[in-house]
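Below: the structure, in structure tokens.
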Amino acid sequence: LTEEDKKVKSPYNTYLNPGLPPGPIANPGLASIKAVVYPKETEYWYYLHDSQGGVHYARTLEEHNNNIAKYLQ
Numbered sequence: 020l021t022e023e024d025k026k027v028k029s030p031y032n033t034y035l036n037p038g039l040p041p042g043p044i045a046n047p048g049l050a051s052i053k054a055v056v057y058p059k060e061t062e063y064w065y066y067l068h069d070s071q072g073g074v075h076y077a078r079t080l081e082e083h084n085n086n087i088a089k090y091l092q
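Below, the structure written as structure tokens:
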């Protein structure tokens, strides 16, 4: 995204126009739709991404809070 992009006069430019755009800005792909319809079985309830792009999963809120303390602070 460039500074020039931010100046484009379009109802979809949320840098210039407050609020939501007048219509959809994206459409989920087939893989995303299938993931919702057929979710993978897992024992994890929580996840987070660290600043390096790693993903950390947790089974309990306590584990999740520990991950937050360890990876995000």
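To convert a position in the sequence shown, counted from 1, into the working numbering, add 19. Even glycine gets a Cβ: it sits at the ideal position worked out from N, Cα and C.
Residue i versus the options, residue with shortest Cα-Cα distance
i	options	result
N36	K26, P43, A45	K26
E82	G72, Y63, G38	Y63
V61	L39, N85, G72, Y76	Just to set this straight, residue 61 is Thr in the shown sequence, not Val. When only C-alpha atoms are compared, the closest one is Y76.
Y65	P41, K59, R78	R78
Alpha-carbon to alpha-carbon, residue j and residue i
i	j	result
Y34	A45	17 Å
V32	P47	In the sequence on display, residue 32 carries Asn and not Val. Their backbone Cα atoms lie some 20 Å apart in a straight line.
A54	D69	23 Å
S51	Y57	10 Å
G73	N84	16 Å
The alpha helix (DSSP H) enclosing residue i, as first and last residue numbers
i	result
L39	Taken as a continuous stretch (DSSP letters only), L39 belongs to no alpha helix (DSSP H), as it is neither H nor E.
L20	Note, L20: premise wrong, no alpha helix (DSSP H); not H, not E.
N-terminal and C-terminal residue of the beta strand (DSSP E) that residue i is part of
i	result
V27	Careful: V27 lies outside any beta strand (DSSP E) and carries neither H nor E.
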